[in-house]
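To start, the structure under review is shown below, and the notes come after it.
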């Protein structure tokens with residue numbers, strides 16, 4: 027028989043075993059399904075055999091349509107599933123036309139080729155370091171590059187086989203084809219609903235929707251994150267515990283997925299917003315409980331429920347399925363499944379409904395802000411507003427959000443010699459530091475150098491801003507010296523204080539562990555669990571062993587085939603070698619693809635486990651803080667601080683910047699300027715002629731007033747200064763034109 031989850035995976039789930047008999051998930055689900063069909067037959071009394079066959083055939087179509095709609099329309103990975111199916115269709119077309127089988131980029135094919143293309147873009151400068159620092163990395167471009175590799179291979183096939191090129195031209199984009207596939211799945215479900223009614227139709231659609239949700243990696247991970255059954259005595263109570271725990275987890279996961287799901291429904295022109303969101307969340311709650319309970323015994327959960335559904339129960343279940351259920355109706359639907367919800371479960375369901383309502387009413391993220399960053403920042407802000415002990419929203423992300431506001435301000439955009447670099451530096455500042463800059467407490471150009479010189483340590487931005495405020499540098503060079511000196515001084519201070527503060531911290535930790543040993547044991551256990559999960563996550567990059575085993579065999583066959591030349595290339599032996607190589611390569615690709623898919627599923631589970639452990643650690647935070655505060659107030663720590671007080675080092679004070687200005691400023695032409703000028707002259711040159719008002723030249727020297735400019739060259743380009751007597755004497759004609767000059771005198 028074929029197994030829904032694969033025989034190996036189903037055999038790993040021991041809860042389906044009855045004694046020594048193996049009963050996998052598929053068989054258990056089949057038993058429950060046959061019970062639903064039998065119930066449908068009881069409602070179909072009076073129908074002919076032909077009518078019953080038609081009903082059963084319609085049930086099969088409804089089950090398939092519900093499963094495909096869940097996979098392609100109402101799951102977090104629906105867009106990716108539709109894209110993968112669209113690529114499968116293109117791969118089939120290429121194989122029929124050319125005989126070449128390409129791989130599906132939506133299933134992580136062509137990873138190495140995409141990585142090489144990304145490196146080439148970096149080398150060519152198309153992607154700069156600034157782009158990488160702002161999120162334009164390989165992870166964000168991976169699927170785009172893998173799709174580009176697929177398109178390139180199709181183009182290469184069209185060029186190598188020009189007679190078949192027209193068949194390789196597709197009439198619509200891959201995104202349009204994916205949307206058409208998803209819209210078709212939704213239409214098929216609407217059509218199939220009309221052919222089956224009553225309890226059989228409802229249970230058929232529930233079964234198909236659950237089957238589709240079970241294929242959703244995030245939902246599977248959420249189920250595995252749920253705990254096992256408690257110690258209740260009855261089967262109903264035991265299954266109820268599992269239902270509540272895993273149903274609530276899955277509803278929460280589904281609520282987080284709803285923004286992307288509803289956006290996808292809007293693209294398909296389908297009904298979106300609050301009602302479909304509540305529908306998906308409610309079904310996810312039932313799905314988590316039904317499948318989780320099924321891990322303990324699916325037949326008990328569904329078999330008993332089928333026999334006791336009242337009209338009110340069916341109405342409530344139908345409203346949940348249609349997205350019209352209230353929390354009270356979801357509670358009644360859960361009770362119809364044999365489970366009494368407690369207050370915690372009702373609160374979880376109400377929270378999931380509010381999340382769906384929020385997504386339907388909140389606006390889209392601002393332009394230029396990724397939806398993931400927007401949702402994360404919103405969640406941080408809400409968490410901080412509701413819990414005073416929660417950490418504040420991430421400051422570096424807030425600084426990055428301000429980039430648009432900075433560039434829109436002309437005064438800041440043109441302020442300084444490097445406006446683009448100044449803007450980037452200001453965007454990297456911590457949020458409170460940016461507000462101080464905006465208030466005019468320090469020159470924005472100087473403050474930008476904090477972000478440029480210390481981009482990865484926002485915790486130091488405040489102290490560096492204080493250093494700039496104290497020094498008040500006048501130039502960028504001075505500001506950089508102040509920042510560099512403050513960073514070096516702080517590092518020396520931290521190094522000198524490390525051993526002293528370490529002694530105090532060790533004492534605090536020891537005393538805090540004495541105050542509440544159970545708390546620190548829980549903290550250590552959570553830290554160990556986190557370390558183990560992260561170590562397992564790091565080991566996921568190991569290559570597929572089976573694919574590596576086949577590589578030597580393929581290389582040997584290719585070597586043998588390369589030795590066959592001439593007419594022997596068409597011999598049966600050569601053809602057999604080619605067929606064997608092709609088969610082994612196909613097996614190798616299958617092993618690699620399977621390993622990648624298994625690694626992806628395992629990664630989902632591990633990441634959810636890491637998130638769960640991180641939440642456990644965060645919940646222990648307030649208790650841990652109180653224990654440390656109690657230890658801080660103990661007499662032993664106070665005595666230790668007093669003993670070490672004489673050894674501590676005062677924090678360094680910012681060094682005064684170098685004085686690059688004159689000692690004093692003197693107004694030119696003022697008496698002070700004349701006095702200081704005369705003080706700098708030699709004594710014999712400083713004597714003044716009080717009668718004539720001019721300085722007499724020493725013997726053999728001329729004063730400036732006696733000098734005349736005389737051309738040194740015939741073209742008059744070079745000039746020199748000399749007295750008239752010296753000029754005439756040098757010319758050798760001291761009485762030249764003397765008569766004419768004398769006759770001109772009056």
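In this note's numbering, the protein residues as written are 27 to 772. Positions of the beta carbon are idealized from the N, C-alpha and C atoms, including for glycine.
With contact defined as three or more Cβ pairs closer than 8 Å, the region 209-218 and the region 140-152 are not in contact. Take residue 131, set aside five residues on each side of it, and the residues of its chain with a beta-carbon closer than 6 Å to its own are 172, 173, 176, in chain order.
In this structure, DSSP gives residue 589 a state outside helix and strand, which the three-state scheme calls coil. A direct Cα-to-Cα measurement between residue 616 and residue 452 gives close to 50 Å. Rounded to the nearest angstrom, the gap between the Cα atoms of residue 705 and residue 699 is 10 Å.
Under the three-state reduction of DSSP output, residue 127 falls in the coil class, being neither helix nor strand. Two segments are said to touch when three or more pairs of C-beta atoms, one from each, lie closer than 8 Å; by this definition the region 494-503 touches the region 463-472. Taking one beta carbon from each stretch, the region 86-96 and the region 176-189 have fewer than 3 pairs nearer than 8 Å; the two do not touch. For residue 198, the CB contacts under 8 Å within the same chain, skipping 5 residues up- and downstream, are 206 in chain order.
Take residue 136, set aside five residues on each side of it, and the residues of its chain with a beta-carbon closer than 6 Å to its own are 172, 175, in chain order. Sorting 550, 185, 584, 92 by C-alpha distance to the C-alpha of residue 600 places 584 at the top.
Looking at 106, 635, 633, 138, the one whose alpha-carbon comes closest to that of residue 164 is 138. Taking 8 Å as the cut-off, the Cβ atoms of residue 505 and residue 472 count as close. Residue environment: residue 624 is assigned as exposed (fewer than 16 neighbouring CB atoms within 10 Å of its CB, all protein chains considered). Between residue 552 and residue 643, the C-beta spacing is below 8 Å.
In the structure shown, residue 608 falls within a helical segment according to DSSP collapsed to helix, strand and coil.
DSSP, read as helix, strand or coil, puts residue 654 in helix. Under the three-pair Cβ rule at 8 Å, the region 625-642 counts as touching the region 553-561. Buried is the label assigned to residue 477, since at least 16 other Cβ atoms lie within 10 Å of its Cβ. Ranked by how close their Cα comes to the Cα of residue 510, the residues 498, 490, 500 have 490 in first place. According to the DSSP assignment, residue 471 belongs to the alpha helix (DSSP H) that extends over 470-479.
Nearest Cα to residue 105 within the set 180, 629, 202: 202.
No Cβ-Cβ contact shorter than 8 Å links residue 140 with residue 218.
Nearest Cα to residue 191 within the set 119, 637, 602: 119. In summary, residue 195 is exposed, with fewer than 16 beta-carbon neighbours lying within 10 Å of its beta-carbon over all protein chains present. Closest in alpha carbon position to residue 116, among 181, 143, 168, is 181. Linking residue 481 to residue 487 through their CA atoms gives a straight-line distance of about 9 Å.
The three-state reading of DSSP puts residue 501 in coil, since its state is none of H, G, I, E or B. The Cβ neighbour count for residue 499, taken over all protein chains shown within 10 Å, is at least 16; the residue is labelled buried.
Burial is judged here by how many other beta carbons sit within 10 angstroms of a residue's own beta carbon; residue 128 has at least 16 and is buried. About 5 Å separates the beta carbons of residue 542 and residue 653, which is inside the 8 Å limit, making them a contact pair. In its chain, beyond the 5 residues on either side, 207 have a beta carbon closer than 6 Å to the beta carbon of residue 111. The C-alpha of residue 603 lies about 36 Å from the C-alpha of residue 627. CA-CA distance, residue 123 to residue 186, rounds to 13 Å.
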